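Asks:
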Amino acid sequence: MSVKTIFITGASSGFGAACARSFASEGARLILTARRKEKLEALRGDLASAAGVHIIQLDVRDRVAVDAAVASLPEGFRDIDVLVNNAGLALGLEPSHKVAIEDWDVMVDTNIKGLMYCTRAILPGMVERNCGHIVNISSTAASWPYPGGNVYGGTKAFVSQFSRNLRADLLGKKVRVTCIQPGMAETEFSNVRFKGDDGKADQVYAGTQPLTAVDIAETVVWVVNRPAHVNINSLELMPVDQAWGPFSIHRE
Ligand code: NDP
Ligand code: 8X3
Numbered sequence: 043m044s045v046k047t048i049f050i051t052g053a054s055s056g057f058g059a060a061c062a063r064s065f066a067s068e069g070a071r072l073i074l075t076a077r078r079k080e081k082l083e084a085l086r087g088d089l090a091s092a093a094g095v096h097i098i099q100l101d102v103r104d105r106v107a108v109d110a111a112v113a114s115l116p117e118g119f120r121d122i123d124v125l126v127n128n129a130g131l132a133l134g135l136e137p138s139h140k141v142a143i144e145d146w147d148v149m150v151d152t153n154i155k156g157l158m159y160c161t162r163a164i165l166p167g168m169v170e171r172n173c174g175h176i177v178n179i180s181s182t183a184a185s186w187p188y189p190g191g192n193v194y195g196g197t198k199a200f201v202s203q204f205s206r207n208l209r210a211d212l213l214g215k216k217v218r219v220t221c222i223q224p225g226m227a228e229t230e231f232s233n234v235r236f237k238g239d240d241g242k243a244d245q246v247y248a249g250t251q252p253l254t255a256v257d258i259a260e261t262v263v264w265v266v267n268r269p270a271h272v273n274i275n276s277l278e279l280m281p282v283d284q285a286w287g288p289f290s291i292h293r294e
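Using our numbering, you'd call the opening residue of the sequence shown number 43 and step up by one each time.
Right under this line is the structure:
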């Protein structure tokens, strides 16, 4: 592939870091963002085959910081070909009547508003150049409810519908939009969800074979590498060890 410039949010772990490695192996130029800058610096060591790596400490919830990060990209990194809107998290698994309202705020601010801010900052350049691809990381939780999924699933439903609406806005432009909806994947996701309780996080994956971050990164690279006239609208993937259950029935 020709050298593409890839902007990845949440590149410090999990899917984002794996995307950085996969795109680096294809010789891409990378803009890696996350709050934990030291993790991004450590990742840089694995990216020798990238055409260049630019690291930005960025909290996607900070709209001013997002705009400033995009406006101050160095020469050679300004024409972003691919935005991977990956930064996100789930917090807690409590039912809605018990949940900490602050956790809902953080999920909305990160998964919805952060993704909006990055999109709004980067999309105009893509439209102007009439070239680009936005890959939004949603979740199976966007479509399939589960107890405790409440606002997390709601934020991901936003991501999926926003992705479709972007496609509607961009008709006539050569800018692609893809929504990836992964099921259970082992990353730092559950450690974050359970607020550092690694035992609880490990239980999520015990005795099963979840998706890996590499599985997701390979999927992202695959959708990006389709011919320019092909838009993968959405792609849902799950581990073979995961499927749906029957409706739950309450009985007295
Ligand atoms: P990780 O916890 O491993 O990675 C999440 C990434 O998001 C980290 O790099 C983190 O970086 C970043 N992040 C979180 N909050 C912010 C913020 N405010 N500003 C900037 N970056 C932020 O989890 P995953 O890799 O699994 O998650 C990646 C995405 O995939 C998320 O959107 C998640 O919802 C989604 N997903 C995950 C699934 C799973 O089972 N693992 C399944 C389906 C979807 P830092 O803390 O350094 O800022
Ligand atoms: C992450 C997968 O099933 O925990 O989006 O919601 S799940």
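Cβ atoms here follow ideal geometry from the backbone N, Cα and C, with glycine treated the same way.
None of these values were measured; they are calculated from a predicted model.
Taking the Cβ atom as the reference point for each residue, do Ala76 and Gly94 lie within a distance shorter than 9 Å?
Replies: no
Asks: Spatial neighbours of Ala107 within its chain, please: CB distance less than 8 Å, with the 5 preceding and 5 following residues excluded, ordered by chain position.
Replies: Leu100 and Asp101
Asks: Quick check: what's the CA-CA separation for Gly191 versus Val266?
Replies: 29 Å
Asks: Is Gly249 helix, strand or coil by DSSP?
Replies: coil
Asks: State the DSSP-derived secondary structure class of Ala84, mapped to helix, strand or coil.
Replies: helix
Asks: Do you know offhand how far Ile73's Cα is from Ile291's?
Replies: 48 Å
Asks: Could you check what DSSP says for Arg218 in three-state terms: helix, strand or coil?
Replies: Reduced to three states, the DSSP call for Arg218 is strand.
Asks: Per DSSP, what are the beta-bridge partners of Asn178 in this structure?
Replies: Asn127 and Cys221
Asks: Leu165 bridges to which residues according to DSSP?
Replies: DSSP lists no partner for Leu165.
Asks: Say the cut is 8 Å; is the CB of Glu228 nearer than that to a heavy atom of ligand 1?
Replies: yes
Asks: How many whole angstroms separate the CB atoms of Thr182 and Asp123, which I take to be in contact at a CB cut-off of 8 Å?
Replies: The Cβ separation is near 28 Å, so there is no contact.
Asks: So, for Ala62: in the same chain, excluding its five sequence neighbours on each side, which residues have a beta-carbon less than 7 Å away from its beta-carbon?
Replies: Hits under 7 Å: Ile50, Ala53, Leu72, Leu74, Leu85 and Leu89.
Asks: Which one or two residues does DSSP pair with Ser276 in a beta bridge?
Replies: Cys221
Asks: What are the start and end residues of the alpha helix (DSSP H) that includes Val95?
Replies: Note, Val95: premise wrong, no alpha helix (DSSP H); beta strand (DSSP E) at Gly94 to Gln99.
Asks: Specify, as a first and last residue, the run of the beta strand (DSSP E) that Arg71 falls within.
Replies: Arg71 to Ala76
Asks: Does Thr229 come out as helix, strand or coil in the three-state DSSP assignment?
Replies: coil
Asks: Since Phe204 is in the alpha helix (DSSP H), which residue starts that stretch and which ends it?
Replies: Asn192 to Asp211
Asks: Could you tell me if Val219 is buried or exposed, where buried requires 16 or more neighbouring beta carbons within 10 angstroms of its beta carbon?
Replies: buried
Asks: Quick one: is Gly249 near chain B, going by C-beta distance under 9 Å?
Replies: Given the protein chain composition of this structure (a single chain), no chain B is represented.
Asks: Considering only C-alpha positions, which residue in the set Gly249, Glu170 and Val201 is nearest to Tyr159?
Replies: Comparing alpha carbon positions, the residue from Gly249, Glu170 and Val201 closest to Tyr159 is Val201.
Asks: Just verifying my parser: in three-state terms, what is the DSSP assignment at Ile291?
Replies: coil
Asks: Would you say Asn192 touches ligand 3, meaning its beta carbon is less than 8 Å from a heavy atom?
Replies: Ligand 3 is not part of this structure, which contains only ligand 1 and ligand 2.
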